[in-house]
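Participant: Each residue of the sequence shown is one higher than the one before, counting from 1 in this note's numbering.
My questions all concern the structure below.
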Amino acid sequence: MHRIALLALPGVFPLEFGVAAQVFTPQAGYALTPVTVAPLSSAGATLSTARGLDALRGAETVIVPGYQDTSTPLPDGVVASLRSAHARGARLVSFCSGAFALAAAGILDGRPATTHWQKVDELRQRHPSVDVQPDRLYVDDGDVLTSAGVTACIDLSLHLIRRDHGAAAANDHARALVAPPSRSGGQLQYVDRVRPRPTGHRLDDLREWMFRDLHRVVTIDMLAREAHVSRRTLARRFREETGTSPLAWLTAARIDRARQLLETTDDPVERIGHDVGLGTPASFRSAFHRHLGTSPQQYRATFRHDGGTDRRD
């Protein structure tokens, strides 16, 4: 039996805790021990265990599910216990915001990691030494693995089973969970919008003009004239307000509009690419995959709801 310690921090997300408890069972070859620093409650459910942080000492894998308040210092002993587990060679895994606990212990310093897309900026700001990869559903860096939010913890759990016991075992568990053994694309396909949100407003009118007719062919000179500034001033102000260039922002805006049309219309993919200004079908597919890690057809299959009844055949 592979020994796993499941560390529930205050404010733990019950769903992520439950995924680990359901997946890593004795039947799957795991001996899982829930660990808390004290009895705690989350979302109306009470979690209690006789095992404290000492249970981490014998664990071969330590899993930290996401928790609510990532700005609160970790309880006494958690950082030292995580560092000790890592130093003796235990595999460390985080789900969602659990990455903040690993980062607080210094375990993610200089390493690639991910977390829920809504927490990416906070993780970058609070732990600048972490190589945050926002588009990944999960990151396997050998002895340290991190996942994005909620359902991505299922992706990572199945990946761990695949690593430990092979593809057939992972596929069997995926069937039991009624989940895909693996998902295409990254987590940016689940973000509400790809284009960066502005932090300033001097160019709001220009961005509205750009978004109003995405099919229009646009050049930097056209944008500078519309904003009544020089090319250099436009580039500087645009980057100050959005963190990117005008044309990169425009491409992201076109991707956002294409996503909306894929979700809400039956328009052919080729027409959508043309209507949002992303050019030929090949150009559209290339840009879409570059931003979201999946194809327009796959995206539509995932997010388009036809309003029909469930099929049971």
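For glycine and all other residues, C-beta sits at the position ideal for the given N, C-alpha and C.
1. Just to confirm, is the Cβ distance from F95 to P65 under 8 Å?
2. Mapping DSSP to helix, strand and coil, what is A105?
3. Reducing DSSP to helix, strand and coil, say where P112 ends up.
4. Once you ignore the five residues that flank D267 on each side, which residues in its own chain have a CB closer than 8 Å to its CB?
5. With a threshold of 8 Å on Cβ separation, who are the neighbours of M210 within its own chain once the five nearest residues in sequence on each side are excluded?
6. Report the residue ranges of all alpha helix (DSSP H) runs contained in full by the region 58-102; include only those spanning at least 4 residues, in chain order.
7. Taking one C-beta from the region 134-152 and one from the region 88-108 each time, how about it: are there three or more such pairs within less than 8 Å?
8. At what residue ranges does the region 228-307 contain a whole run of the beta strand (DSSP E), taking only runs of 3 or more?
9. Give every residue of the same chain whose Cβ lies closer than 8 Å to the Cβ of R216, excluding the five residues on either side of it in the sequence, and list them in chain order.
10. Just how far apart, CA to CA, sit R124 and L108?
11. So, under 8 Å CB-CB, T114 and V139 are touching, yes? Tell me the CB distance rounded to an integer number of Å.
12. Is it true that the CB of V35 sits closer than 8 Å to the CB of L56?
13. Are there any heavy atoms of the ligand NAP lying less than 7 Å away from the beta-carbon of V37, as far as the coordinates show?
14. Do the CB positions of I154 and A179 come within less than 8 Å of each other?
15. May I have the straight-line CA-CA distance separating A8 from R51, to the nearest angstrom?
16. From the DSSP output, in three-state form, read off D164 for me.
17. Sorted by chain position, which residues of the same chain lie with C-beta nearer than 7 Å to G58's C-beta, five sequence neighbours on each side aside?
18. Using 8 Å as the threshold, is the C-beta distance between A5 and V62 below it?
19. Would you please state the rounded distance, in angstroms, between the beta carbons of V23 and H173? I believe it to be under 8 Å.
20. Under a three-way DSSP split, which group does S129 fall into?
21. Smallest Cα separation from E60: which of F284, R236, L160?
22. Under a Cβ-count criterion, where at least 16 other Cβ atoms within 10 Å of its own Cβ denotes burial, should P26 be classed as buried or exposed?
23. Which value, in whole angstroms, describes the spacing of the CA atoms of A43 and E226?
24. The beta strand (DSSP E) with D140 in it runs from where to where?
25. Can you name, in chain order, every residue of its own chain whose Cβ lies under 6 Å from the Cβ of R300, other than the five neighbours on each side?
26. With a threshold of 16 other CB atoms inside 10 Å of the CB of Q297, please say whether the residue is buried or exposed.
Facilitator: From the atom records:
1. yes
2. coil
3. strand
4. L261, D275
5. V218, L223, P246, W249, L250, A253
6. 78-87
7. yes
8. none
9. G277
10. 12 Å
11. 5 Å
12. yes
13. As presented, the structure is devoid of all ligands, the ligand NAP included, so that no description of it is given.
14. yes
15. 11 Å
16. helix
17. R3
18. yes
19. 6 Å
20. coil
21. L160
22. exposed
23. Note that A43 scores a pLDDT of 45, beneath 50, so its modelled location is shaky; the value from the coordinates is reported in the next line. About 51 Å.
24. 138-140
25. L262
26. exposed
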